[in-house]
Structure formats: structure tokens, C-alpha cells
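With my numbering, letter number 119 in the sequence shown gets 121, and the count goes up by one each step, no holes.
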Amino acid sequence: MEIMRALMFSHEDAPKSLADPAAREVRRLQLRELHMQPLADFVRHLRIDHPNRSIPDFDPSDGGAQARLLYLLEAPGRRATDSGFVSRNNPDETAKNFFALNVEAGIPRRLTLIWNVVPWYIGSGTKIRAATKDDVGEGRPSLMELLSLLPRLELVVFIGRQAEHAANWLKRERPELMYLNCPHPSPLYVNHAPGNRQRILEVLHEVAERISVRSDAV
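What follows is the structure, encoded as C-alpha cells:
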């Protein structure tokens, strides 16, 4: 246990920290923690059911099965499959932007979980393609199963247009949840126009407010 704590403190929560193999090993060890066990089992079963798919794990530095906020992106990118985690700490600019924006919005990481409407990599190894409606439909059963593992979930945020393909049926299946749409934090969007980063931040400020209001009401 003391070794584990030392490892955790030696690899602080920072942008692109999962470029470090030692940091990735710490996260793999953390998959055994109580808040991660249902989600680690979920991913393990997904891999058994889809043996030819590359499916990264949830990030144990997030809230795990106790999350109240679920960020849904399109599909895992190459960096996620390389690190083994769907994480804001992956060594790419999109993850770096998302890390910084969440910090700026004041959203506690322990309340959040990040996943994808298509849970497996759909690229060629050198380039990821856009998810189709068929891709999203194929991922639908696993997404519904995931929601059943999150008893404290209150809010789902769709990140990017492709993720919004899941919005209509998800809202029908789980009408008690709150939903928001958020632009994708890729450099292509964030750096395209001066106001784009602020648009994402405005959504995240609303996320923070909704979670806070809901917490105060409980």
C-alpha cells in the first residue's frame, strides 16, 4: 500500500501525463480499486464479446461507478488505445484542452466519467474515421449497460456532433437524466476561431452549475 501511494504521488494529475509508462502502470493498478471494479468488469466483458476490437479502459482517476457526470465522446482515438485509457491525461492536444477546460470550469474530477458512444477504436491505425449511425447503433447495447452501472448519474454531456447521434434514443431510454451538448475540444475546433474555446467553457460552466444545484437540492 505504501508503494502504491508513493507511485500515485510521483505521477501527478497533469496534461499528457499518460505519456509516461510508469504513470500508465499506476492507472492499471488502480483499476482494482472499489470504485472501478464494476467498470473494469464491464470492459473485460466487452473485450470478450468483441475480441477483434481495441477497447481502452476507463480512467481510474475519474469518479468510476460513483460518477454523477458522464462525458460521451465519439470513439477512442489512437492515443487512447496506446495508453489503454479513455483519459484527459492522454498525450494529445484534445485531451490537454479538455483537461484545462474542466479545471477552469471548476468541475471536480471525482464527479466525472469519460466514455465514447462507440467504445472501440474505428480507425486504420494511422487515421480515425468519423463514426457512422451504424457504428453508434452497434455501440448502443454497451452504452445502455454502462448507464445501469452508474447509480449516481445525473447528467450526460455529448462532446461533439458525432456523439450527438446517440442523443435521441438515450433521452427516450433515460428521460430522468439531464443532457447537454458541447463542442469538441480538438485543436481543429478550439484554434479555428477566437470564440470557440469560450463556447466550450460556457457549456462546462453550465455543467458545473447544474451539478452544484442538484447537489444542493439533495
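Glycine included, each C-beta is placed from N, C-alpha and C at the ideal position. Please read all numbers here as calculations on a predicted model, not as lab measurements.
So for residue 6, helix, strand or coil by DSSP? Its pLDDT being 44, under 50, residue 6 is placed unreliably in this model, and the coordinates cannot settle the point.
Original post:
With distances taken from CA atoms, which of 80, 110 and 106 is nearest residue 69?
Top reply: 110
*Selected residue, minimal CA-CA separation from residue 191, among 39, 65, 203 and 178*: 203
According to DSSP, simplified to helix, strand and coil, what is residue 205? DSSP places residue 205 in helix when its eight states are reduced to three.
**Request:** With DSSP collapsed to three states, give me the class of residue 161.
**Result:** strand
Where residue 114 sits in the DSSP three-state scheme: strand
>> I'd like the list of long-range same chain contacts for residue 49, defined as Cβ closer than 6 Å, with 5 residues on each side in sequence excluded.
In response: 57
ask   = Within the present structure, is the beta-carbon of residue 188 separated from the nearest heavy atom of the ligand MN by less than 7 Å?
value = The model depicted lacks the ligand MN and carries no ligand whatsoever.
- Item | Inter-residue spacing [alpha-carbon to alpha-carbon] between residue 18 and residue 24 | 13 Å
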